[in-house]
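This report concerns only the one structure given below.
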Amino acid sequence: LFDALIGADTLPTRKPDPAPYLAAVSRAGGAVARSMLIGDTETDRKTGLAVGVPVALVTFGPEGRAIERLEPEALLHHYDDLPALAARLIA
């Protein structure tokens with residue numbers, strides 16, 4: 002299911018530093034310019050901003066719809082919506 006997994010202890014730095022995100026994309030063989038970050042926290046939003054990629058925050062995470070206050074590029078209400086959302090954000 003995953004081509005790469007970067008945990009909190011994989012690298013010497015953690016989010017919101019861009020290094021973990023960049024390492025995950027690189028290890029998966031992807032291109033940062035064709036990627037997006039999906040998350041559920043303010044740290045995820047800050048990471049996306051630091052990397053310069055679009056961020057979709059889930060509304061079914063710990064913060065629920067309150068996550069909207071972080072003004073992500075998109076909100077993800079259900080994983081079924083992900084293909085269309087990704088096509089829109091990284092087209």
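Just so we're aligned, residue 2 is where the sequence shown starts under this note's numbering, counting upward by one.
Just so it is clear, CB atoms sit at the ideal spot from N, CA and C, and this is done for glycine as well.
Just so you know, these numbers come straight off a predicted model, no measurement behind them.
Below 8 angstroms between beta carbons: does that hold for residue i and residue j?
i: L12; j: A20; result: yes
i: T60; j: L71; result: no
i: L90; j: M37; result: yes
Per DSSP, what are the beta-bridge partners of residue i in this structure?
i: G40; result: L58
i: L77; result: V59
So residue i is in the alpha helix (DSSP H); what residue range does that whole segment cover?
i: A87; result: 83-90
i: A24; result: 20-28
CA-CA distance, residue i and residue j?
i: Y22; j: E69; result: 22 angstroms
i: A24; j: D82; result: 26 angstroms
i: R15; j: A9; result: 6 angstroms
i: R28; j: I7; result: 9 angstroms
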